[in-house]
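Comments concern the structure below.
2 protein chains.
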Amino acid sequence: MSVTIKDVAHKANVSIATVSRVLNHKSNVSEDAVEAVNQAIKELGYSPNFLGRDLRKSETRRILAIIASTEQSFYSEVIRGMEETAMSKGYDVLIATTRDDPNHEMHLLGMLFSHSVDGAVLLGPKLDAKTISELAANHNLAMCLERLDGCKALTVTINNVQAGKDAVNYLINKGRRRIGLITTTQRAQSSVDRELGYRQALEENGIPYDPSLVYYGTYGADSGTRGCRELMSLEKKPDAIFAISDMLAIGAMNHALAAGIKIGKEVLFFGFDDIQYSHIFIPHLSTVRQPCFMQGKLVIEKLIDNMRAETPDTSTYMLPHSLILRETTGD
Amino acid sequence: MSVTIKDVAHKANVSIATVSRVLNHKSNVSEDAVEAVNQAIKELGYSPNFLGRDLRKSETRRILAIIASTEQSFYSEVIRGMEETAMSKGYDVLIATTRDDPNHEMHLLGMLFSHSVDGAVLLGPKLDAKTISELAANHNLAMCLERLDGCKALTVTINNVQAGKDAVNYLINKGRRRIGLITTTQRAQSSVDRELGYRQALEENGIPYDPSLVYYGTYGADSGTRGCRELMSLEKKPDAIFAISDMLAIGAMNHALAAGIKIGKEVLFFGFDDIQYSHIFIPHLSTVRQPCFMQGKLVIEKLIDNMRAETPDTSTYMLPHSLILRETTGD
DNA sequence: ATATGCCCTGAAATTGTTTTCAGGCACAGG
DNA sequence: CCTGTGCCTGAAAACAATTTCAGGGCATAT
């Protein structure tokens, strides 16, 4: 069918071993041979079958990034960080999506077990901590962006508790006391942590926690809109709203704009993620920025380290976040 | 190192051939053997090495989708269409990004040449038509979303000329005569086609083409903002603006909103792509919707057909688009 | 009793590459 | 002239699976 190393060897009048040496740029091969082989390769239009190579070498130099869907443009910087770092070490990054299905996530991890890739990174896993811990013990598996409580696997993330706390503290320092929270019923650990930060900030400032100020929805913008409408129809309206994602915050502001609420004065808004639209949408949204590129970079570095290590590093690395202050907090 | 089929065979007291038969659910194997093998597999925690299997079978059942970056959330529906269709036929879809670098695009195509995947789909290629035509002649390669003039390769897209024309015709039918165009200097074929549609619509309606009404920028929202500002500072202002992407349109409307222009009355806006934000942003944007899911579905179906065919199908399939009419055209 | 057919099994070939090992050759030093 | 050294080379093993082929065992038919 396809042209193989054997055909090249035959055409160049050398052994397949010599062709292989040329392909891999080994030093111990004569110039004549190199010339002849390269000539044959060109004429035949040969390109090596990596299945053979990978099998023999037991490595593919490929890493799989498993994400929920390509919808969240938010992942894109993380992926870039992963790719650039991987490439500099001679690896390629492939992406696959789970569509929020834990079974499909497991199916994709099959690529790791079956040696189709050398390592895998989960960005927002759907599987539980126990399962992942077990898998990570025997395979080159890491997590990024999301940590999992009690999960013994290499993790790179930010401190979402502290980040939520910082955002809410900022609102409190602006003199706000009735702070609404818009979050999701879907309990990703990061959502849980951000909510925890919200509560800690209130507590440390002696503000009583009021459950009616917390709206649980989905993660679409329209859910943010509904959340804002609900919070604003309370007898005692909030004077600030913290949303656990920019998407929710933007949805929320849509209601506020429609209702004629003065954003940044009457009610302050704080988002999370610093997505592209947070500074396209008017008014510009104050938000928490994570070091996306750096998280991608670090997780790949550590993952590749682990591939060569005898005992894998299963630490959790938390990178620093920062507050981006814009119009919605009156800045 | 790892546990292989040999270990399983030994543990189950059968030959590796029998283990292989069990793994592949062949009928001609006794129940006792099946039992013993499955038991051994479980005890050893064995999972087959696909490199061996793929090499022997000369197929990986994997398809590579090559995109520019995961930033354009716009791709996500296409990918979903690809994945769902592929999965139903027993294939997995992997994604890789070129970061707009034609060299890297070629590097990624190496996965196709080296038999690491069974087929590849380019979504918005950076390579030229000639190169792609040659590659497609010898490998299982297709294009989706973007066509390339004179490229002899399986392509699934929409008719961007007609779509641009439809959008502009709609504006004309609303009584508009001075229609601005916001586009990009980066000449993707789809941009060229949409601009062509714009000109054809004008021509067919006897409206002279006015170059000062065309703004060439990048594809960021801020470029749309600049474009709108420039067009609105003309002596003879436009009464409608067609942007070749929603992103540009949203950027443009940001200027209009800030300048107090009555969107949907004074100036109509028409976008392209129907991205998520086009109905989050207020006012809601009228836009052209492409059948993303269907394009993804069709390209995979045709690509898989091509894998089994003796002579590959190199046709271009154009799927129907539709106009989504919202507030920005006064609907 | 022998032949026929079916079910199940394992040895060995096969897939395309890398790597090991042994040896051929030339050249320098004794 | 002989030996050691270094460079280059090819045959064959290895990687982990699938598939082919031949045959053993058993039941049924003749």
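If you read the sequences in order, they're chains A and B.
Going by my numbering, 158 is the number at position 158 of the first sequence; the sequence numbering is gapless.
Going by my numbering, 1323 is the number at position 323 of the second sequence; the sequence numbering is gapless.
Glycine residues also receive a C-beta, built at the ideal position from the N, C-alpha and C atoms.
Everything numeric in this text was worked out from a predicted model, so none of it was measured.
Put simply, the CB of B/Ile1304 is far from chain A, with every gap to its CB atoms at 8 Å or more. Residue contact check for A/Gly124 against chain B: no CB pair falls below 8 Å.
Remark: fewer than three beta-carbon pairs, one from each stretch, lie closer than 8 Å, so the region 1302–1318 of chain B and the region 1170–1184 of chain B are not flagged as touching. Chain B has no Cβ within less than 8 Å of the Cβ of A/Tyr215. Checking the DSSP bridge columns, you'll see B/Phe1242 partnered with B/Leu1181, B/Phe1270.
The CB of B/His1010 never comes closer than 9 Å to any CB in chain A; the least such distance is about 20 Å. Under DSSP, B/Tyr1317 forms a beta bridge with B/Val1156. Residue-level contact by beta carbon holds for B/Ala1096 and chain A, with a gap shorter than 8 Å. For B/Thr1218, there are no C-beta contacts with chain A under 9 Å, since the nearest C-beta of that chain is about 14 Å from it. Comparing alpha carbon positions, the residue from B/Gln1186, B/Arg1176, B/Asp1246 closest to B/Asp1274 is B/Asp1246. Counting along the chain, B/Leu1196 sits inside the alpha helix (DSSP H) bounded by residues 1189–1204.
Under the 10 Å beta carbon count, B/Pro1125 is surrounded by 16 or more other beta carbons and is classified as buried. Rounded to whole angstroms, B/Asn1038 and B/Ile1250 show a C-alpha spacing of 58 Å.
Fully contained in the region 85–158 of chain A are the following beta strand (DSSP E) runs of length 3 or more, in chain order: 92–97, 119–123, 141–144, 154–158. In this structure, A/Thr287 is the residue among A/Val8, A/Arg53, A/Thr287 with its C-alpha nearest to the C-alpha of A/Gly264. Pairing B/Ala1163 with B/His1321 gives a Cβ-Cβ distance under 8 Å. At a cut-off of 8 Å, the C-beta of A/Asn140 has no neighbouring C-beta in chain B. Using a CB distance cut-off of 8 Å, A/Phe113 counts as an interface residue toward chain B.
Looking at B/Gly1227, B/Gln1186, B/Met1106, B/Asp1007, the one whose alpha-carbon comes closest to that of B/Ile1067 is B/Met1106.
If you draw a straight line from the Cα of A/Thr60 to the Cα of A/Val117, it comes to about 6 Å. According to the DSSP assignment, A/Gly217 belongs to the beta strand (DSSP E) that extends over 214–217.
For the pair B/Phe1270 and B/Ala1252, the CB atoms are not nearer than the 8 Å cut-off. Residue pairing from DSSP places A/Val288 in a beta bridge opposite A/Leu323. According to DSSP, residue pairing for B/Ala1065 in a beta bridge involves B/Ile1095, B/Val1121. Here the region 2–17 of chain A lies against the region 41–49 of chain A, with 3 or more beta-carbon pairs under 8 Å apart.
Rounded to whole angstroms, B/Ala1040 and B/Thr1018 show a C-alpha spacing of 13 Å.
Put simply, of A/Met143, A/Pro211, A/Asn160, A/Gly206 the residue whose alpha carbon is nearest the alpha carbon of A/Lys152 is A/Met143. Under the three-state reduction of DSSP output, A/Ile263 falls in the strand class. For A/Gly175, there is no enclosing alpha helix (DSSP H), as DSSP marks it with neither H nor E. For B/Ile1132, no chain A residue has a C-beta closer than 7 Å to its own C-beta; the minimum C-beta separation is roughly 16 Å.
A/Asn140 and A/Leu303 do touch by the CB rule: their CB atoms are close to 6 Å apart, below 8 Å. Cα atoms of A/Leu94 and A/Ile63: separation of roughly 6 Å, rounded to the nearest angstrom. Around the C-beta of A/Leu112, 16 or more other C-beta atoms lie within 10 Å, and the residue is accordingly described as buried. Selection A/Ile300, A/Leu323, A/Met318, A/Ser315 evaluated against A/Gly90 yields A/Ile300 as nearest (Cα-Cα). Cβ neighbours of B/Val1161 within its own chain (closer than 6 Å, five residues either side excluded): Asp1193, Leu1196, Gly1197.
For B/Asn1173, the closest of B/Gly1206, B/Ala1188, B/Gln1072, B/Leu1154 by C-alpha to C-alpha distance is B/Gly1206.
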